[in-house]
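Asker: Have a look at this one.
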């Protein structure tokens with residue numbers, strides 16, 4: 002599962018950065034200065050990368066046996082600026098918690 006988590010982390014950061022560039026740089030340039038160049042390039046790249054993000058999130062969620070709601074929320078994180086960074090951090094905590102060895106309950110006796 003560590004490979005799936007690493008792939009997820011990389012794509013989450015890439016999608017997050019692309020979305021921030023699109024929203025904070027591309028959109029103001031397009032609508033404020035009539036310069037659609039950044040949106041044309043970064044928007045298309047983000048769209049393709051987001052599809053990869055969905056596939057890698059699905060792969061990780063199946064390997065980690067996440068509930069459907071968690072998987073969908075993490076998938077949606079790539080659509081809101083900065084939220085993919087938060088989601089990546091939360092997923093890291095979930096994966097680390099799952100990897101920790103569990104101590105057996107003491108037997109009463």
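In the numbering used here, the protein residues as written are 2 to 110.
Glycine is no exception: its CB is placed at the ideal position from the N, C-alpha and C atoms.
(1) Closer than 8 Å is the cut-off here; do at least three beta carbon pairs connect the region 43–58 with the region 71–83?
(2) For residue 50 and residue 108, what's the separation of their Cα atoms in angstroms?
(3) Within a Cβ cutoff of 6 Å, which residues of the same chain sit near residue 37, ignoring the five residues on either side of it in sequence?
(4) Does the beta-carbon distance from residue 1 to residue 17 come in below 8 Å?
(5) Specify, as a first and last residue, the run of the alpha helix (DSSP H) that residue 15 falls within.
Answerer: Looking at the atomic coordinates:
(1) Yes, since at least three Cβ pairs between the region 43–58 and the region 71–83 fall closer than 8 Å, the two stretches touch.
(2) Going from the Cα of residue 50 to the Cα of residue 108 covers about 50 Å.
(3) Residues of the same chain with a CB within less than 6 Å of the CB of residue 37, apart from the 5 flanking positions on each side, are 31 in chain order.
(4) Absent from the structure is residue 1, since the part of the chain shown begins at 2 and ends at 110.
(5) In the DSSP assignment, residue 15 falls within the unbroken alpha helix (DSSP H) covering 3–22.
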